[in-house]
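Enquirer:
Okay, structure coming up:
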């Protein structure tokens, strides 16, 4: 699979010699390819360029934060979605905000701070998370349940997951 990422990266680089203004989406995909090849410094430059063009693009923020986490820069990975969520020009789509909230909570939980992960949801989502999932999908609620489990609150997590399953019966 590394050969495919390498070929894709080469094609992007050739295209960038011709195109003066690549789209944020093209830069995002190129950043992903560089990340998969563990070319983290180059990926960071590409993601920064994409964010300059489209600062509120949740997909770019998500990719950039994941790359930072993979490269061992956990604090920077956490700061990126936190900043976007507090920014004056917020990410507007509810789904995009939900993914950034989930990413921020996941980073905090994986860093060993599940209580802070739960607080992230309470800070940014001012309503029942299962009800909210009906609008944006179950991923934030699943991350919330993971934090409950990490805190040793298994019974509460089981009840929460049962409510989530009732709302999303076709989701595994």
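In our numbering, the protein residues as written are 67 to 238. By construction, the Cβ of each residue, glycine as well, lies at the ideal position given by its N, Cα and C atoms. Here the structure is a predicted model, which is why all the values come from computation and not from measurement.
1) Residue 103 by DSSP, collapsed to three states: which one?
2) Give the DSSP-derived three-state secondary structure of residue 217 in the structure shown.
3) Just to confirm, is the Cβ distance from residue 110 to residue 93 under 9 Å?
4) Checking contacts by CB at 9 Å: is residue 199 closer than that to chain B?
5) Could you give the DSSP three-state label for residue 179: helix, strand or coil?
6) Roughly how far, in whole angstroms, is the beta-carbon of residue 164 from the beta-carbon of residue 127, given that I think they are within contact range, below 8 Å?
7) Just how far apart, CA to CA, sit residue 213 and residue 175?
8) Under the assumption that residue 147 contacts residue 131 (Cβ atoms under 8 Å), give the Cβ distance between them as a whole number of angstroms.
9) Quick one: is residue 123 buried, meaning 16 or more other Cβ sit within 10 Å of its Cβ, or exposed?
10) Specify the secondary structure class of residue 137 as computed by DSSP and reduced to three states.
11) Which residues mark the beginning and the end of the alpha helix (DSSP H) in which residue 202 is found?
Expert: So, from the listed chains and residues:
1) coil
2) coil
3) no
4) Of the protein chains in this structure there is only one, and it is not chain B.
5) coil
6) Not quite, the Cβ-Cβ distance comes to about 13 Å (not below 8 Å), so this is no contact.
7) 6 Å
8) 6 Å
9) buried
10) coil
11) 195-202
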